[in-house]
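Mapped onto the working numbering, the consecutive letters of the sequence shown carry residue numbers 13 to 357.
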Amino acid sequence: EIAAKKEAELEKKRAAEEAKAKREAEIAAKKEAELEKKRAAEEAKAKRDAEIAAKKAAQLAAAAKREKKQAAQDSVKKASRGVTISLFGFGNKDSGDTDSSSSSDSEAPAGVPTITGWKQNRDGSVTGRISGSSAFTNGDPVTTSPIVGKAVGGTVVKTKSGSRYFLSGGAPSGPTPAQIAAEKRAQQQAETKRKQEEAAAKKAAEAEARKQAALEKKRQQEEEAAKRAKKQAAQDSVKKAPKASTISLFGLGGGQSNDSPSESTPQKAPPKKQQPKQIKAPSAPRGVPTLSNWKLKGDGSITGRISGSPNFKNGELITTSEIVGGRIDSGSVVQTGSGSKYFLS
Numbered sequence: 013e014i015a016a017k018k019e020a021e022l023e024k025k026r027a028a029e030e031a032k033a034k035r036e037a038e039i040a041a042k043k044e045a046e047l048e049k050k051r052a053a054e055e056a057k058a059k060r061d062a063e064i065a066a067k068k069a070a071q072l073a074a075a076a077k078r079e080k081k082q083a084a085q086d087s088v089k090k091a092s093r094g095v096t097i098s099l100f101g102f103g104n105k106d107s108g109d110t111d112s113s114s115s116s117d118s119e120a121p122a123g124v125p126t127i128t129g130w131k132q133n134r135d136g137s138v139t140g141r142i143s144g145s146s147a148f149t150n151g152d153p154v155t156t157s158p159i160v161g162k163a164v165g166g167t168v169v170k171t172k173s174g175s176r177y178f179l180s181g182g183a184p185s186g187p188t189p190a191q192i193a194a195e196k197r198a199q200q201q202a203e204t205k206r207k208q209e210e211a212a213a214k215k216a217a218e219a220e221a222r223k224q225a226a227l228e229k230k231r232q233q234e235e236e237a238a239k240r241a242k243k244q245a246a247q248d249s250v251k252k253a254p255k256a257s258t259i260s261l262f263g264l265g266g267g268q269s270n271d272s273p274s275e276s277t278p279q280k281a282p283p284k285k286q287q288p289k290q291i292k293a294p295s296a297p298r299g300v301p302t303l304s305n306w307k308l309k310g311d312g313s314i315t316g317r318i319s320g321s322p323n324f325k326n327g328e329l330i331t332t333s334e335i336v337g338g339r340i341d342s343g344s345v346v347q348t349g350s351g352s353k354y355f356l357s
């Protein structure tokens, strides 16, 4: 009973530890899922932004192409007779003029759209509000494709696709070196944080795995200790139990004792030699198989040669399941956990 009670307490303790470990594993898994969801959302956002930027670039390229065509047509219409029009310069009256991308003026040449409030982006494109373009409404915000050279206010710039724009105003209002450095630092910090979160999640998962392994090892050790205690208790029970013997009750106290004085004679009869008590060897109850030459194993089962069983041949060596009832001793009937009974010869 003490061993059973101790085993029940150990089982209860193991169940509590396993439940706690399960909760902690669920929390770690949930945290990992949240991190994965966050990473997936960031990747999806980056993908959408890239698609939007690509679509916008395609739209700008198409608009620049239409704008170039319209500017050429406008230049041809506005040009006076006898003047040779350069279709590459869109309205320059002298084909020997220097490249307009390096010219500086306060006003846009004829047929060249003007961009005000502009700034040059990191990829070399220019963003601002356009006017004087047949493809856009005056004041529409636009972003050009990357320009050739540096954007300078008061000059005509040319994009890599061939479109020309007059940049109104002074120096570009693009991002300053400090802003670029700050943006780079922010990106590095975000990447560092992401790596730290991944490392923390991985570390938590490894710690949880180690904890589970330790709990499993402890559980196995406790089970082994409980089995050893149960085995020791069974062995002690066998050692302390008196040898079983069946006493024949026939003739013991069933008649008048010869030692008692006779009522017919006042004299005592001479004492007779006491007969030894008859001891009958115990036998198996009807229908209960007999195990001979048996021995108790460490796991609580019994090995021996069986007889009187419809399922086995007489003399066949068998091993029972764990014994849970009866006294494990010769002449006793024991019962296994599955309900089978055996007589120990």
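Ideal placement from N, C-alpha and C gives every residue a C-beta, glycine not left out. Keep in mind it's a predicted model, so treat the numbers as computed, not measured.
D341 - DSSP class collapsed to helix/strand/coil: coil
Whole-Å CB distance - K223 paired with A33, under 8 angstroms assumed: 6 angstroms
T315 (DSSP reduced to helix, strand or coil): strand
Closest Cα partner of V168 within the set A122, G151, A213 and D152: A122
Exposed unless 16 or more other CB atoms sit within 10 angstroms - verdict on G351: exposed
7 angstroms Cβ shell around Q268 - same chain, five flanking residues per side excluded: Caution applies to Q268, whose pLDDT of 44 falls short of 50 and renders its modelled position unreliable; the model cannot decide the point.
Euclidean distance between Cα positions of N326 and K17: 39 angstroms
Own chain, CB closer than 6 angstroms to Q82, minus 5 neighbours either side, in chain order: S146
Those runs of the beta strand (DSSP E) which lie wholly inside the region 170-237 and span at least 3 residues: 176-179
Spatially closest choice to S304 from G312, D311, P297 and I330, by CA coordinates: I330
CB-CB length for T155 against L72, believed under 8 angstroms: Their Cβ separation, rounded to whole angstroms, is 6 angstroms, which keeps T155 and L72 in contact under 8 angstroms.
Span separating the alpha-carbon of E310 from that of G316: Residue identity check: residue 310 is Gly in the sequence provided, not Glu. Whole-angstrom Cα-Cα distance: 14 angstroms.
Three-state class that DSSP yields for S365 in the structure shown: Past the edges of the chain, shown from 13 to 357, lies residue 365, and the structure says nothing about it.
Same chain, Cβ closer than 8 angstroms to K68, neighbours up to 5 away in sequence not counted: Excluding its 5 nearest sequence neighbours in each direction, K68 has C-beta neighbours in its own chain below 8 angstroms: T155, listed in chain order.
Backbone CA spacing between G349 and P297 [nearest angstrom]: 20 angstroms
Three-state class that DSSP yields for D135 in the structure shown: coil
Simplified DSSP assignment, three categories, for R35: Looking at R35 - three-state DSSP - the assignment turns out to be helix.
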